[in-house]
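Peer 1:
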Amino acid sequence: MRGSGILLPISSLPSKYGIGSFSKEAFEFVDRLNKAGQKYWQILPIGPTGFGDSPYQALSTFAGNPYFIDLDQLVEEGYLLQEEVESLDVGDDERNVDYGKVYNTRNEILEKAFARFKEHIEDEFYQFEEENSYWLQDYAFYMAVKKAHNGASYVTWEEDIRLRKSETVVHYEKVLEENILCYKFQQYMFFKQWHKLKDYANRKGIKIIGDIPFYVATDSADCFSQPSLFQYDEKNTPTHVAGCPPDAFSENGQLWGNPLYDWEYLKNTDYEWWINRIRHSLIMYDIIRLDHFRGFEEYYAIPAGSSTAKVGAWKRGPGIEFFKTIKRVLGDVSIIAEDLGFLNEAVYSLVRESGFPGMKVLQFAFDSREDSDYLPHNYDKNCVVYTGTHDNNTVLGWYQEISSTDQEFLKDYMNLQEDNMRELNWNIIRLALSSVADTCIIPIQDYLGLGSETRINRPGSQGANWKWRMRKNEFSDELVKKINHLVTLYGRK
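Take the position in the sequence shown, starting the count at 1, then add 98; the result is the number in my numbering.
1) Extract the residue ranges of the alpha helix (DSSP H) inside the region 265–306, only unbroken runs of 4 or more that lie entirely within it.
2) Can you list, in chain order, the residues of its chain whose CB lies under 6 Å from that of W233, leaving out five sequence neighbours each side?
3) Do I167 and L186 count as a contact pair if the criterion is CB distance below 8 Å?
4) Within 10 angstroms of the Cβ of E443, are there 16 or more other Cβ atoms? Answer buried if so, exposed if not.
5) For S470 and L460, what's the separation of their Cα atoms in angstroms?
6) Helix, strand or coil: which one does DSSP assign to R214?
7) Can you check which of these residues, L178, G135, R193, is closest to E572 by C-alpha distance?
8) Can you grab the Cα-Cα spacing for the pair Y446 / D317, in whole Å?
9) Classify P557 as helix, strand or coil using the three-state DSSP reduction.
10) Does the count of Cβ pairs from the region 322–341 and the region 358–376 closer than 8 Å reach three?
11) Would you kindly work out how many angstroms separate the C-alpha atoms of Q140 and R528, rounded to a whole number?
12) When the Cα atoms are used, what is the spatial distance from I385 to E516?
13) What do you reckon, are the CB atoms on G415 and E436 nearer than 8 Å?
14) Here's the rule I'm using: 16 or more other beta-carbon atoms within 10 Å means buried, otherwise exposed. How should L587 be labelled?
15) Give the range of the alpha helix (DSSP H) segment to which T537 is assigned.
16) Can you give me the Cβ contacts of T492 inside the same chain, cut-off strictly under 8 Å, excluding the 5 residues immediately before and after it?
17) Taking 8 Å as the cut-off, does the region 224–242 touch the region 278–285 (at least 3 CB pairs, one atom from each stretch)?
18) Taking Cβ positions, are S109 and W564 nearer each other than 8 Å?
19) In terms of DSSP beta bridges, what is M457 paired with?
20) Are at least three pairs of beta-carbons, each pair with one atom in the region 163–183 and one in the region 196–211, less than 8 Å apart?
21) Determine the burial state of P401: buried for a count of at least 16 other Cβ atoms within 10 Å of its Cβ, exposed for fewer.
22) Return the CA-CA distance between I581 and R262, expressed in angstroms with no decimal places.
23) CB T423 to CB V482, shorter than 8 Å?
24) Is it buried or exposed for L428, if we count other Cβ within 10 angstroms and need 16 for buried?
25) Please name the residue, chosen from K570, R556, D196, Y252, that lies closest to E123 on a Cα-to-Cα basis.
26) Can you tell me which of the three DSSP states F312 falls into?
27) Starting from A530, trace the alpha helix (DSSP H) in both directions and tell me its first and last residue.
28) What's the call for Y224, buried or exposed, on a 16-neighbour Cβ count within 10 Å?
29) Under 8 Å between the Cβ atoms of L111 and M519?
30) Short of 6 Å in beta carbon distance, which residues of its chain neighbour L494, apart from the five on each side in sequence? Order them along the chain.
31) Over what stretch of residues does the beta strand (DSSP E) that includes N356 continue unbroken?
32) In three-state DSSP terms, what is H378?
33) Can the beta-carbon of R392 be found less than 8 Å from the beta-carbon of N334?
34) Indicate the three-state DSSP secondary structure (helix, strand or coil) for G198 in the structure shown.
35) Among residues of its own chain, excluding the 5 on either side of A463, which ones have a beta-carbon nearer than 6 Å to its beta-carbon?
36) Could you give the DSSP three-state label for Q140: helix, strand or coil?
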């Protein structure tokens, strides 16, 4: 069935408290999606972020980001006072998140809410604690010990706690009991509010497309609490780490440094951890985008301690057996395969055999040197077309960056004359919407006609990513009507 949606991270929603959240503005965004004839809202990972603020380097693969908890709802429930939230200094830039100020204010205000919550703990909290026992205690314990170590990653902790020696764990559980409970409270409120928003979206006919990063961060509850999942030695330090080999764009390759999975161990456990991860994601989202899909076919392993990615080697991933196990245990799961980048025939074969729709990004299509798979005349229906993703520039910014030859190719392919180049973003959006792809996702910046300064992420860079926010009233009635007209015109409503 044809449909379309909009890509907008939770953090990019307008709100009063410095970063997008599950606030009334989120519910208003859902209303506008509905009025615009959309069927999908695609978001980025919503796990708790650490240093660098990347949602792809979360402190847990199961927990939610406490920044997204709506403070106004906590006021309504009596856990916070109005004057407490109004006095927060979250910065005055409505266009960009000031993560430093959000970090400093959000932790403190949530601790105030917890102080009132613990006086009369709701029965639903204990139910939440039981239903999420497979990850919640490990996460809360990790965060409490991390806080006791001034936020440092567990790899720097004393050996007794880093190796989770039982008597040391018991000691920390006793000393940090209240902090552990506070982190559980934050997760309870996160999921309570998220499910309220998701249920509202579903009732409005909007499905949530969520994102599962392939790798986990070294600084995470997962690596700390379950080192057997990864290629670690007896000291719980990695033997090999993730990256990609040298290519025409990078002489030394890319050294990402994420821990690699021990696929043999995972196979022997019938992929229990991954099953739990996907089952958990199916509670949070309606459709899952599996990031770095090629990693399930093969992954690049670099010896730990290497200074570059030159010395790595390709290793086999779990392949189709993994997805057969997922289907056997969980049934048919709605998954989008992120099959971008340099791929070989084995990866293409895995995508075909899985039956999952892959991704087509129009910004990758207009290379005048070749007939690209990303050009719409090469699509089949079982795919998801994007003008760009969170890792791309906006289409207007991208057009300024490509060569004049590629610009001419785009104009020729789309039959664009100079007099309609003023609406370049709309012409490229039309190309995506009119394609045979079953699903079309457009980043909100492209609908808004914004430039490079509003891109979400510049891969390989630090400091300016994950900050952009949509302004209040920017998703206007006029824009809603225009989008609705186009999705009706191209049969996506």
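All residues carry an ideal CB built from backbone N, CA and C; glycine is no exception.
Quick caveat, the model's predicted, so the values are computed rather than measured.
Peer 2: Taking the geometry as given:
1) The qualifying runs are 275–301.
2) F160.
3) Cβ atoms of L186 and I167: not closer than 8 Å.
4) Exposed.
5) Those two C-alpha atoms are separated by around 10 Å.
6) If DSSP states are grouped into helix, strand and coil, R214 belongs with the helices.
7) Out of L178, G135, R193, R193 has the C-alpha closest to the C-alpha of E572.
8) The straight-line gap separating the alpha-carbon atoms of Y446 and D317 is approximately 32 Å.
9) Coil at P557, not helix or strand.
10) Because the criterion of three Cβ pairs below 8 Å is met, the region 322–341 and the region 358–376 touch.
11) When rounded, the distance between both Cα atoms is 19 Å.
12) C-alpha separation (whole angstroms): 40 Å.
13) The answer is no: Cβ separation not under 8 Å.
14) By the neighbour-count rule (16 or more Cβ atoms within 10 Å), L587 is not buried but exposed.
15) Here T537 belongs to no alpha helix (DSSP H); instead the beta strand (DSSP E) covers 537–541.
16) G486, N523, P541, Q543, D544, L548, G549, S550, T552, R553.
17) Touching, per the Cβ criterion.
18) Yes, the pair counts as a contact, with Cβ atoms nearer than the cut-off.
19) Beta-bridge analysis with DSSP links M457 to V482.
20) Yes, the region 163–183 touches the region 196–211.
21) P401 is exposed by the Cβ-count criterion.
22) Taking the CA atoms as reference points, I581 sits about 54 Å from R262.
23) Going by C-beta atoms, T423 is not nearer than 8 Å to V482.
24) That one is exposed.
25) The alpha carbon of E123 has as its nearest neighbour, out of K570, R556, D196, Y252, the alpha carbon of K570.
26) Correct three-state label for F312: coil.
27) It spans 522–532 - the alpha helix (DSSP H) in which A530 sits, taken as one unbroken run.
28) Exposed, because fewer than 16 other Cβ atoms sit within 10 Å of the Cβ of Y224.
29) Not in contact: L111 and M519 (Cβ atoms no closer than 8 Å).
30) Its chain contains N523, G549 as the residues whose beta carbon lies nearer than 6 Å to that of L494, once the 5 sequence neighbours on both sides are disregarded; these appear in chain order.
31) Annotation for N356: the continuous beta strand (DSSP E) segment containing it runs 352–357.
32) Correct three-state label for H378: helix.
33) Taking 8 Å as the cut-off, the Cβ atoms of R392 and N334 do not count as close.
34) Three-state result, G198: helix.
35) These residues qualify, in order along the chain: S470, Y472, L473.
36) In the structure shown, Q140 falls within a strand segment according to DSSP collapsed to helix, strand and coil.
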